[in-house]
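Residue numbers (this note's numbering): -5 to 142. Note that the Cβ used here is the ideal one computed from N, Cα and C, for glycine as well. Remarks on the structure that follows.
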Amino acid sequence: SAIFDVQCRPFAPELSVGQILRFTLRANPTICKAGKRHDLLMEAKRQVKTQPDSRDIWTYQQQAALEWLSRQGEQNGFSLREASVDAYRQQQIRREKSRQMIQFSSVDYAGVLVVNNPVLFLQRLVQGYGKSRAFGCGMMLIKPGDSE
């Protein structure tokens, strides 16, 4: 006899244009400069430090992270109604069979989005957002949002 009785059902949400969804997302937002990938929030920190009237660094980093997510939405069938950056972490993972450390950052987002293109949105939802997906980044969790 089996210990567990696993039941599966396909993930096939029926989404429509204009549908409102709540979401959470842990992503690794990056920026490409001179062919190399860089941590978006560290790059934002570098930029703000070069300005004479350097603002609050965390506020500037949050703005950069939200702009990245907004661009993801434009490219992938959704727009942000409201969003926040809840956390920013530096991650280190030791590779098996090696002493080399893998380093990446993660940003935790939460908010409400509006579906503009259901087909495009679902395609990206399945693929994930940003880099470091092999390390748990990129998966957006969605649930029905408040309707107007």
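Check                                                                                                              : Outcome
Beta-carbon spacing of Val109, Leu19 below 7 Å                                                                     : no
At least 3 beta-carbon pairs within less than 8 Å: the segment 105 to 125 vs the segment 59 to 75                  : yes
Beta-carbon proximity of Val79 to Gln56, cut-off 7 Å                                                               : yes
Close-in-space but distant-in-sequence residues of the same chain around Leu114 (CB under 7 Å, 5 per side omitted) : Asn70 and Gly71
In DSSP terms, what Gln86 is bridged to                                                                            : Gln97
Ordered list of beta strand (DSSP E) runs contained in the segment 27 to 69, each at least 3 residues              : 30 to 33
Ala128 and Val101 closer than 7 Å at C-beta                                                                        : no
Gln45 classed as buried or exposed, judged by whether at least 16 other C-beta atoms fall within 10 angstroms      : exposed
Contact under 7 Å by Cβ, Leu74 with Leu35                                                                          : no
Buried or exposed by the 16-neighbour rule on C-beta atoms within 10 Å, applied to Phe5                            : exposed
Beta carbon of Ile51 nearer than 7 Å to that of Lys39                                                              : yes
Buried versus exposed call for Val11 [16 or more other C-beta atoms within 10 Å across all chains shown]           : exposed
Inter-residue Cα distance where the pair is Ile(-3) and Pro7                                                       : 30 Å
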